[in-house]
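Numbering (the numbering used here) for the sequence shown: 339 to 457.
We put the CB at the ideal spot given by N, CA and C, even for glycine.
Given the structure is predicted, the values throughout are model-derived calculations rather than measurements.
Heads up: the structure comes next, in C-alpha cells.
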Amino acid sequence: MAVPDPEDWPLLAKCRGMNDALFPEGKDQKRAKTICMGCPVRAQCLAEALDNRIEWGVWGGMTERERRQLLRQRPDVKSWSAVLNAAAISSHTVRVVDETFDAPDEAERPEQVQTVETR
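Pasting the structure below:
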C-alpha cells in the first residue's frame, strides 16, 4: 500500500467538500467542531492552521479564537506540525475541547516531545 503524500491530507478529511459548514459564527461553531471528532487527519489540519496562523474557520477541532489563545500561550513553538507529529509518534493524544487550554510546562515534557493537551 502506498504511503500518502503529507500534502494530500485534505483529501482524507471528514469535512472535505463542506466548506460553508466550517466557517460558522457563534454557537454554530460547536456543530462544526463535531465534524472534526474522529477525523483521521485532525492533527495535520490543526497544524496547518497553527503554523500558517489561519484566522478564520474551524480547523482541527479548534475555532479561530481557541487557536489564537493557544498561540499566545505557546509563542515558543515554531512548528506545530513537528509538535503534533512528535506527539502522535510518542502515542500522546492531542485533545481539543471547547474553552480551557492547559499547555504543559517546559519541565513536564520530554526533551524531544511537546504535547498539546486541552481540557
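Residues of the same chain with a CB within less than 6 Å of the CB of Ile373, apart from the 5 flanking positions on each side, are Lys352, Cys353 in chain order.
Rounded to whole angstroms, the separation of the alpha carbons of Trp347 and Gly355 is 13 Å. Taking the Cα of Leu349 as reference, the smallest distance to any Cα among Cys383, Val421, Arg410 is reached at Cys383. DSSP places Trp394 outside both helix and strand once states are collapsed to three, so it counts as coil.
In the DSSP assignment, Arg406 falls within the alpha helix (DSSP H) that extends over 402-411.
For Leu384, the enclosing alpha helix (DSSP H) has its first and last residue at 380-389. It is roughly 13 Å from the alpha-carbon of Lys365 to the alpha-carbon of Arg403.
For Ala370, the enclosing alpha helix (DSSP H) starts and ends at 366-374. Contact annotation, Leu388 with Arg410: C-beta distance approximately 12 Å; criterion of less than 8 Å not satisfied. One thing to note: Arg369 has its Cβ no nearer than 8 Å to the Cβ of Pro378.
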